[in-house]
Amino acid sequence: MIKNKSNLIKTVAVLIVLIIFNWIGTKVYKRFDLTQDQRYTLSQSALAIVEDVKSPLIVDVFLEGNFPSEFRRLRNETQQLLEEFALNNTHIKFNFINPLEDEKSRDNNIDQLMQRGLEPLQLSMNVSGKTSQELIFPWALASYNDQTVKIPLIKNKIGATQQEVVTISIQHLEYAFAEGFQKLVTPKSKKIAILKGNGQLEDKYLADFLQTVKEHYFIAPFTLDSVASNAEATLKKLKDFDLIVSAKPTEAFTEEEKLVLDQYTMNGGKSLWLTESILMDKDSLHNDEGRGVAMINNLNLNDFFFKYGVRINPVIVNDMYSAPITIAMGQGSNAQFQPLKWPYSPLAAGNPEHPITSNLNLVKFDFASQLDTLKSSTTKTILLQSSQLTKLEGVPKEITLQIVTQDPDPSTYTQGPQNLAVLLEGQFTSVYKDRIKPFNSASNKDISPHTKMIIIADGDVIKNDVVKNQPQELGFDRWTGQSFGNKEFLLNTVNYLLSDGDLLNVRTKDINIAFLDAKKIEEKKTQWQLISIGLPLLILALFGLLFNYMRRRKYA
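Under the numbering used here, think of the first position of the sequence shown as 2, with each following residue one higher.
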């Protein structure tokens with residue numbers, strides 16, 4: 002009786018302990034990220050964004066279906082990431098949808114998704130030596146308070162294999178979702194001025210950039226024409242903006258305009274300059290001779306940038322690693338458009354150590370100048386450079402389309418990588434310090450607070466194509482179907498200048514993804530099938546024979 006009573010007490014005690022542990026488990030929840038690269042640990046910047054989500058935020062992911070193993074990995078990593086977001090804020094809900102599952106509604110779903118700007122991706126699947134094509138939509142739609150944004154899940158890179166594309170995309174996932182959530186949750190506050198009045202690009206050539214940036218910031222045109230009549234009032238209005246953008250100016254700046262821009266910087270304003278020291282466009286080659294002359298473009302800004310620590314040299318960067326130019330080959334109705342190597346469109350690689358250019362696709366330039374960094378009060382960071390096989394050509398110079406028919410001589414491309422984009426940070430010294438000023442200002446400053454400026458040696462980096470008066474996507478070449486990193490680079494640039502650098506730091510997160518070698522799998526498929534299926538059966542048969550033999554010896 003005593004023994005039974007003791008057992009009962011032990012059983013009740015165990016049950017009570019289990020109930021207590023279960024209750025604690027419902028109140029306290031902890032996940033442990035044991036991965037070496039901490040891929041399942043959200044950054045503080047991303048967590049700060051989702052903290053502001055106060056009502057349901059619904060994410061519909063279309064990455065669902067019969068995919069190759071690489072894209073199944075991308076789908077699983079996307080789910081893991083969204084689970085982390087949902088655990089940190091219960092208002093975040095997500096669904097995985099296969100828009101192509103129902104054959105009856107397949108075509109209608111494809112049309113609807115494409116109308117919303119969700120372009121499909123064509124995959125080549127190789128199974129048992131047979132190649133087939135599969136269509137997927139690597140996109141997500143996030144909806145919050147009657148607003149919806151699209152989130153790309155694939156990040157292409159020129160020359161990358163399918164596995165490399167997936168690896169880059171997985172590294173980019175947290176930034177992609179965090180940026181999308183920020184558009185929905187964080188109200189716009191910063192203001193950007195697009196400078197006008199000095200021959201800058203027309204709005205139709207800036208349309209895609211402006212459309213992209215206005216999702217995050219307020220944008221307004223700002224002309225410097227009023228400087229001549231009332232420079233003080235113009236400077237006062239300009240100070241209301243957090244960033245100014247000058248996109249490919251072609252007319253010289255007056256000393257009064259330069260002082261206004263200088264004092265804007267001295268008061269902590271940020272600047273993005275897309276300028277060049279030469280005048281040359283591809284459009285200038287569209288004539289019967291197929292030639293044009295590159296000339297020096299004097300914008301009266303040499304001393305302006307020189308004082309801040311950068312010199313824009315009046316030379317053309319000729320790079321063997323470049324984007325093609327599409328030319329009509331043949332006569333009359335037999336003419337065909339053909340992409341040919343064009344050395345005046347260098348493809349610039351980004352600085353992998355900086356959040357603006359980390360994991361960035363190649364950026365396309367056209368007739369780029371070259372930048373030198375000089376000793377000054379600012380800190381310089383090179384963001385973009387040409388390839389190793391580069392040479393510099395002085396101007397004036399005749400440019401002809403005949404160059405595409407000539408084989409370049411690699412032995413002449415010996416001048417190494419050339420700087421094409423530079424970031425300046427720190428305290429700037431006024432261009433007009435200890436100089437006679439074009440107008441007097443009571444609030445004149447000689448030293449700025451900590452601020453930033455980015456100088457890009459080509460205005461065409463921001464220029465989108467216009468076809469039949471319709472702006473095209475920035476960075477997309479409609480002739481070759483290639484997408485360059487121009488739009489992403491410029492958006493990252495604006496984010497960094499406007500102190501959204503914490504979110505940009507998410508882009509530098511390195512994730513190591515291990516994939517199986519598809520070639521080895523195909524070559525050793527039979528071998529591993531025998532090992533995984535035949536070997537266990539063989540071991541089981543041997544065990545049965547041995548067991549039967551031992552049994553007979555024991556009982557015979």
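Even for Gly, the Cβ is constructed at its ideal location relative to N, Cα and C. Since the structure is predicted, the reported quantities are computational estimates derived from the model, not experimental observations.
Check                                                                                                                                                                                               : Outcome
Sort Lys283, Leu58, Ala369, Ala161 by Cα distance to proline 315 and report the nearest one.                                                                                                        : Ala369
If you check the beta carbons only, do proline 340 and asparagine 319 fall under 7 angstroms apart?                                                                                                 : no
Whole-angstrom Cβ separation of lysine 197 and threonine 224, contact assumed at under 8 angstroms?                                                                                                 : 4 angstroms
Quick one: Cα of phenylalanine 516 to Cα of arginine 74, how far?                                                                                                                                   : In this prediction, phenylalanine 516 scores a pLDDT of 48, lower than 50, which makes its location untrustworthy; no coordinate-derived value is stated.
For glycine 460, is the classification buried or exposed, using 16 other Cβ atoms within 10 angstroms of its Cβ as the cut-off for buried?                                                          : buried
So for serine 500, helix, strand or coil by DSSP?                                                                                                                                                   : coil
How far does the beta strand (DSSP E) with glutamine 386 in it extend, from its first residue to its last?                                                                                          : 379-386
Based on Cα-Cα distance, which residue from Gly427, Trp480, Met296 lies nearest to glutamine 337?                                                                                                   : Trp480
Considering only the alpha carbon of each residue, which of Leu541, Asp226, Glu203 lies closest to alanine 248?                                                                                     : Glu203
When you compare only the Cα positions, how much space is there between glutamate 257 and alanine 229?                                                                                              : 7 angstroms
Hey, would you say valine 311 sits closer than 7 angstroms to leucine 273, going by beta carbons?                                                                                                   : no
How far does the beta strand (DSSP E) with glutamine 148 in it extend, from its first residue to its last?                                                                                          : 148-153
Cα separation between threonine 255 and isoleucine 437?                                                                                                                                             : 14 angstroms
Quick check: the segment 370-384 against the segment 171-178, are at least 3 beta-carbon pairs closer than 8 angstroms?                                                                             : no
Looking at the unbroken alpha helix (DSSP H) that takes in valine 167, where does it start and where does it end?                                                                                   : 163-186
Give every residue of the same chain whose Cβ lies closer than 6 angstroms to the Cβ of leucine 58, excluding the five residues on either side of it in the sequence, and list them in chain order. : His92, Ile93, Tyr145
Per DSSP, aspartate 373 forms a beta bridge with which residues?                                                                                                                                    : Arg312
Pull up the DSSP beta-bridge partners for leucine 592, would you.                                                                                                                                   : For residue 592 there is no data in the structure shown, the boundaries of the chain being 2 and 557.
Taking all protein chains shown into account, decide if valine 468 is buried (16 or more other Cβ within 10 angstroms of its Cβ) or exposed.                                                        : exposed
Would you tell me roughly how many angstroms separate the C-alpha atoms of isoleucine 1 and alanine 324, rounded to the nearest one?                                                                : Limits of the chain in this structure are 2 at one end and 557 at the other, which puts residue 1 out of reach.
Measure the CB-CB distance between valine 150 and leucine 119 and report whether it falls below 7 angstroms.                                                                                        : no
Measuring alpha carbon to alpha carbon, tell me which of Pro347, Ile326, Val396, Leu385 ends up nearest glutamate 354.                                                                              : Leu385
Check threonine 430 in the structure and name its three-state DSSP category.                                                                                                                        : strand
Between threonine 379 and the rest of its own chain, which residues show a CB-CB distance below 7 angstroms, the 5 nearest in sequence each way excluded?                                           : Tyr309, Gly310, Leu425, Glu426, Gly427, Phe429
Do you know offhand how far proline 418's Cα is from threonine 452's?                                                                                                                               : 28 angstroms
Residues bridged to lysine 392 by DSSP?                                                                                                                                                             : Asn319
Classify phenylalanine 516 as helix, strand or coil using the three-state DSSP reduction.                                                                                                           : Low local confidence applies: a pLDDT of 48 at phenylalanine 516 is under 50, so the model's placement there is unreliable, with the coordinate-based value given in what follows. Coil, per DSSP.
Do tyrosine 414 and methionine 321 have their CB atoms nearer than 7 angstroms?                                                                                                                     : yes
By Cβ distance, which residues of its chain are closer than 7 angstroms to aspartate 304, with the 5 residues on each side in sequence left out?                                                    : Val432
Is the beta carbon of glutamate 135 less than 7 angstroms from the beta carbon of isoleucine 98?                                                                                                    : no
Closer than 6 angstroms by C-beta to leucine 236: which residues in its own chain qualify, once you throw out the five before and the five after it? Chain order, please.                           : Val261, Gln264
Give the DSSP-derived three-state secondary structure of aspartate 53 in the structure shown.                                                                                                       : coil
Identify which residue in Phe68, Ile457, Gln389, Phe366 has its Cα closest to the Cα of isoleucine 313.                                                                                             : Ile457
Once DSSP output is grouped into helix, strand and coil, what is the label at arginine 292?                                                                                                         : strand
When DSSP labels each residue in this structure, what does phenylalanine 95 get in the three-state scheme?                                                                                          : strand
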